[in-house]
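Every letter in the sequence shown is one number past the one before it in our numbering, and letter 242, counting from 1, is 292. Worksheet: the structure to be examined is printed underneath.
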Amino acid sequence: MSNSTTMDFLLMEISHMRDLQLFYAMSFFLIYLMTVMGNLVIAAVTTLDKSLHMPMYFFLRNLSILDSCYISVTIPNSCMNSLLGTRSISKAGCGAQVFLVVFFVYVEMVFLTIMAHDRFAAICRPLHYPVIMSPRLCVHSTLAALLSGLIYAALHTLNTFRLPFCHSHAVQQLFCDIPSLLKLSCSDTFSNQVSNLVSALVIGGGSFTYIIKSYVHIFSTVLRFPVGADRKKAFSTCVPHILVVSVFLSSSFYVYLRPSIMSASIVDMVLSVVYCVIPPLFNPIIYSLRNEQIKCAIAKLMT
């Protein structure tokens, strides 16, 4: 199939049956609404309530806004395709999806790492916490995450779309991602696969290692607390966070680091949906709905 700079890509269909397409579209749309509403409520509460103007809630607000944008890149387009029975996406739209997904995944990992560091400082270094997590450091670290994310996403997107796509127009995925596009190229993609592997191990592996290290220190400190509510509260927040990060990284690692010679399957599609939906859906629950200060702030704003 000849290469073209103006060609459209064809995304994968969830099902060939119209009833199932409508069912999946409505299900994904409900999950999308729940996720966006939950994250926007948290962002609004942490902004309007002055008692929550602290480093922990500053990053929680940033994470909530980021998650709302992250899930909006893929799910609405997939729902619209299912409702309208279309599969086509322009090359520009496909490039935008690749850029935004890579950008939001990168910034998500940086924010989760900073939040783990914040909890470590608050629990293990309480006397030095105002210095470790100063307002200036919070703003600078956020800007650094966003700027480095833009550069990181731009490099990966340009490195992918410099390739000629001539094997097929059919992307074996619900949205455009780098592994699916590499399979469509008729040129050598070894350098792309190596760059994906190295960046995933450095960014994802480094972040996960630091998060686990931080929580090991937190657990060792919490275990020295008297048995009671404080210990239970710490474990109830930390354990779900580690589980969500583990699911997020394991699913994305499988999709992005799997050898390109392996054929696409329904497992790849499910895991892609997992790393796009699970973190934005569960982060508000883990960090906010289990937090008494957030609950009180929501009740205060409602009354």
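Even for Gly, the Cβ is constructed at its ideal location relative to N, Cα and C.
Bridge-paired residues (DSSP) for residue i
i, result
"residue 60", "138, 220"
"residue 235", "215"
Limits of the alpha helix (DSSP H) - the one that residue i falls within
i, result
"residue 100", "It is not in any alpha helix (DSSP H) - residue 100 carries neither H nor E in the DSSP assignment."
"residue 182", "179-182"
"residue 242", "240-249"
"residue 256", "256-272"
"residue 352", "342-352"
Cβ shell of residue i (< 6 Å), same chain only, five flanking positions each side left out
i, result
"residue 345", "none"
"residue 78", "125, 129"
"residue 199", "153, 156, 157"
Own chain residues within Cβ distance below 7 Å of residue i, not counting five before or after
i, result
"residue 62", "221, 222, 223, 224, 319"
"residue 191", "164"
"residue 250", "303, 306, 307"
"residue 182", "171, 175"
"residue 139", "58, 59, 61, 226"
"residue 298", "325, 328, 329"
"residue 267", "170, 174"
"residue 96", "102, 107, 110, 111"
"residue 245", "209"
"residue 265", "166, 288, 292"
"residue 177", "none"
"residue 81", "327, 331"
"residue 52", "Because the pLDDT at residue 52 is just 44, under 50, the model does not fix this residue reliably, and the value given afterwards should be weighed accordingly. Excluding sequence neighbours, residue 52 sits near 216."
Beta-carbon contacts of residue i that lie in its chain and below 8 Å, excluding the five residues immediately before and after
i, result
"residue 305", "227, 229, 318, 321, 322, 325"
"residue 355", "The chain is shown from 51 up to 353; residue 355 falls before or after that span and cannot be answered."
"residue 293", "none"
"residue 54", "With a pLDDT of only 45 at residue 54, under 50, the local geometry of the prediction cannot be trusted, and no value is derived from it."
"residue 247", "307"
"residue 358", "Absent from the structure is residue 358, since the part of the chain shown begins at 51 and ends at 353."
"residue 348", "91, 95"
"residue 70", "64"
Nearest neighbour of residue i, chosen from the options [CA to CA]
i, options, result
"residue 147", "109, 175, 59, 187", "59"
"residue 209", "193, 149, 265, 162", "149"
"residue 234", "245, 218, 184", "218"
"residue 133", "243, 290, 67, 343", "67"
"residue 196", "351, 95, 152", "152"
"residue 115", "161, 353, 343, 349", "161"
"residue 206", "242, 136, 179", "242"
"residue 155", "76, 350, 269, 122", "122"
"residue 351", "99, 80, 69", "99"
"residue 256", "244, 295, 272", "295"
"residue 231", "141, 186, 127, 193", "141"
"residue 39", "120, 349, 343", "In this structure the chain extends from 51 to 353, so residue 39 is not present and cannot be described."
"residue 185", "105, 353, 199, 113", "105"
"residue 157", "341, 202, 177", "202"
"residue 204", "300, 131, 145", "145"
"residue 135", "80, 188, 64", "64"
Cutoff 7 Å: residue i Cβ touching any chain B Cβ
i, result
"residue 196", "Among the protein chains of the structure shown there is no chain B, as only one such chain exists."
Fill in: Inter-stretch contact (C-beta, 8 Å, three-pair minimum) for the segment 203-214 and the segment 236-244
yes
Worksheet item: Three or more C-beta pairs closer than 8 Å, one from the segment 165-172 and one from the segment 260-268: is that the case here?
Response: Yes, they touch.
Practice prompt. Report yes or no: do three or more beta-carbon pairs, one from the segment 81-99 and one from the segment 326-338, lie closer than 8 Å?
Written response: yes
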